[in-house]
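Counting from 32, one number per residue, gives the positions in the sequence shown under the working numbering.
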Amino acid sequence: MIRVAALVAGVAVLASGCGGGGTAGSAAEVAPADARAFVSLPAAPLDSVTRRALALTQDGRRLETLVDRAGWARLLHRRIDVAQLADRRLVAFARIEDTKALDRAGLAHAHARGWTIFAPTKDAVRAARTKRHLADTRWYAPAAKAAGSSGTTLVQPGWLALAAESGTAHRSSPGRGSDTPTADVPADAIAAAASQDGAALLRSPFAAGVQETLGLPLEQLTPLTPRGAVVYVRPGTPIPLVTLLAQDGSRAVARRVVRTLAPNAAPPDAQRVNELSLDHVGLGATDLYFGPAGRTLVFSDDPQVSLHGQRATPPGVPSATSSWLYVDASRARASLRLLTALHAASATAPMQKALAGLESLAEYTTHDHGVATSTVVVSEP
Numbered sequence: 032m033i034r035v036a037a038l039v040a041g042v043a044v045l046a047s048g049c050g051g052g053g054t055a056g057s058a059a060e061v062a063p064a065d066a067r068a069f070v071s072l073p074a075a076p077l078d079s080v081t082r083r084a085l086a087l088t089q090d091g092r093r094l095e096t097l098v099d100r101a102g103w104a105r106l107l108h109r110r111i112d113v114a115q116l117a118d119r120r121l122v123a124f125a126r127i128e129d130t131k132a133l134d135r136a137g138l139a140h141a142h143a144r145g146w147t148i149f150a151p152t153k154d155a156v157r158a159a160r161t162k163r164h165l166a167d168t169r170w171y172a173p174a175a176k177a178a179g180s181s182g183t184t185l186v187q188p189g190w191l192a193l194a195a196e197s198g199t200a201h202r203s204s205p206g207r208g209s210d211t212p213t214a215d216v217p218a219d220a221i222a223a224a225a226s227q228d229g230a231a232l233l234r235s236p237f238a239a240g241v242q243e244t245l246g247l248p249l250e251q252l253t254p255l256t257p258r259g260a261v262v263y264v265r266p267g268t269p270i271p272l273v274t275l276l277a278q279d280g281s282r283a284v285a286r287r288v289v290r291t292l293a294p295n296a297a298p299p300d301a302q303r304v305n306e307l308s309l310d311h312v313g314l315g316a317t318d319l320y321f322g323p324a325g326r327t328l329v330f331s332d333d334p335q336v337s338l339h340g341q342r343a344t345p346p347g348v349p350s351a352t353s354s355w356l357y358v359d360a361s362r363a364r365a366s367l368r369l370l371t372a373l374h375a376a377s378a379t380a381p382m383q384k385a386l387a388g389l390e391s392l393a394e395y396t397t398h399d400h401g402v403a404t405s406t407v408v409v410s411e412p
């Protein structure tokens with residue numbers, strides 16, 4: 032009887048030393064519930080093109096910073112999980128039996144529910160051992176589902192999920208919305224963007240970049256966009272050509288906008304441009320063409336503007352989104368070099384830096400069952 036009692040006591044001690052509750056199915060069942068962030072790292076480090084995608088993603092720099100700070104945890108050369116504790120220290124979790132590599136690296140470690148917890152200090156390991164775990168929180172499960180299990184991922188309270196791999200970065204959070212078919216743009220477009228909120232599109236970083244680089248006041252065109260809109264840029268000489276397609280835009284409003292932009296310009300004259308009946312206003316170095324095509328208002332400085340001809344969905348953009356952006360970086364750089372030759376170096380420098388070394392850039396937002404996901408995809412030659 033004494034032996035049985037001693038055996039039961041021994042098992043109890045072992046269970047308490049392992050955190051109780053048997054073997055945990057995931058590191059989230061061991062990590063503390065008050066973690067500020069939880070990162071899953073694959074064996075391979077972040078490559079340069081994936082870092083470029085993260086740099087263009089909201090909150091992407093935070094994930095990069097945590098990945099770099101957790102460099103000490105990579106000595107296992109396998110997927111590991113890292114929690115940022117409430118006091119911002121980092122603690123790692125892995126399912127391993129042999130801890131000799133941790134000892135050689137001078138890392139403190141302890142076992143809990145079949146997992147090894149390790150960190151640079153014993154205090155950090157102790158702080159990570161709590162009774163309430165990350166998997167017990169209400170936010171963790173939906174965030175982890177959105178992040179997925181591939182590549183480098185981050186989840187944090189609120190909730191927010193990031194996932195990055197092979198030049199692609201996804202950022203997900205709770206959000207309502209619907210996606211509509213992606214608009215086709217001319218096959219030779221060097222850049223294009225669209226949104227269900229046309230006014231927001233014309234205030235976006237994309238529009239600001241076009242405005243700064245080409246000197247076209249896109250932000251002043253918001254009265255033209257009561258609903259969704261598409262903006263695309265085609266090659267042109269001496270400067271690229273910009274076209275705005277505004278759903279339910281008005282010719283009368285367009286005339287008022289043009290008078291505001293160029294109060295001394297001559298009244299518009301009617302012109303037939305390809306299949307379109309448009310107003311034409313000469314502004315010296317630039318001509319404007321605008322008018323309705325069904326429910327779409329066309330507003331452009333392209334003398335050959337057309338809604339027909341060879342058109343395509345931008346590469347890398349899904350068939351349905353609520354907003355998207357695409358840049359053919361190689362051809363855009365060629366146009367930027369031409370603008371630089373025309374003494375626009377100060378205006379083109381930020382855009383050239385952003386596109387340096389890239390072949391293409393795509394960004395889009397989609398929705399699924401109350402989750403909004405923004406995706407950035409970059410490719411290198």
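Note that the Cβ used here is the ideal one computed from N, Cα and C, for glycine as well.
Element boundaries [beta strand (DSSP E), containing residue i]
i, result
"Thr396", "Ser391 to Asp399"
"Ala324", "Asp318 to Ala324"
"Ala150", "Trp146 to Ala150"
Residues that DSSP places opposite residue i in a beta bridge
i, result
"Trp355", "Ala225 and Tyr395"
"Ala141", "Ile148"
"Val402", "Pro205 and Asp399"
"Ala301", "Asp310"
Reduced DSSP secondary structure (H/G/I, E/B, other) of residue i
i, result
"Leu307", "strand"
"Ala123", "strand"
"Val407", "strand"
"Thr327", "strand"
"Thr291", "helix"
"Val284", "helix"
"Ala296", "coil"
"Arg110", "coil"
"Ala104", "helix"
"Ala365", "helix"
"Ala360", "helix"
"Ala343", "strand"
"Gln115", "strand"
"Ala387", "coil"
"Pro349", "coil"
Same chain only: Cβ atoms within 7 Å of residue i, ignoring 5 sequence neighbours per side
i, result
"Gly388", "Glu411"
"Asp219", "Arg265 and Pro266"
"Thr152", "Ala139"
"Val408", "Ala84, Gly198, Thr199, Gly347 and Ala393"
"Pro271", "Ile221, Leu245, Val264, Arg265 and Ser366"
"Val284", "Pro254 and Leu255"
"Thr54", "Arg144 and Gly145"
Residues near residue i by beta carbon distance below 6 Å, same chain, minus five either side
i, result
"Arg282", "Gly322 and Pro323"
"Gly259", "Gln227, Gly229 and Gln278"
"Ala175", "Val186"
"His108", "Ala74"
"Gly182", "Ala194, Ala195 and Glu196"
"Leu247", "Val273"
"Val262", "Ala224 and Leu275"
"Leu87", "Val407"
"Thr161", "Pro63"
"Ala101", "Val113 and Leu121"
"Val70", "Leu97, Val113 and Leu185"
Boundaries (first-last residue) of the alpha helix (DSSP H) holding residue i
i, result
"Val156", "Lys153 to Ala158"
"Asp99", "Gly91 to Arg100"
"Ala132", "Lys131 to Arg135"
Cutoff 8 Å; reference residue i; Cβ partners in own chain excluding five residues on either side
i, result
"Thr291", "Gln251"
"Val402", "Pro173, Ala177, Ser203, Ser204, Pro205 and Gly206"
"Ala155", "Leu116, Arg120, Leu121, Val122 and Ala139"
"Ala36", "Only weak support is given to the placement of Ala36: the predicted model assigns it a pLDDT of 39, under 50, and the value that follows is read from those uncertain coordinates. Excluding residues within five positions, none has a Cβ falling inside 8 Å."
"Arg92", "Leu85 and Ala86"
Check your understanding: Unbroken alpha helix (DSSP H) runs of length 4 or more, entirely within the region 165 to 215: which are they?
Key -> 171 to 178
Exercise for review: Identify every run of the alpha helix (DSSP H) within the region 206 to 281, keeping only runs that are complete inside it and at least 4 residues long; order them along the chain.
Suggested key: 229 to 233 and 236 to 245
Check your understanding: Can you give, in chain order, each stretch of the beta strand (DSSP E) that sits fully within the region 52 to 88 and has at least 3 residues?
Key -> 68 to 72
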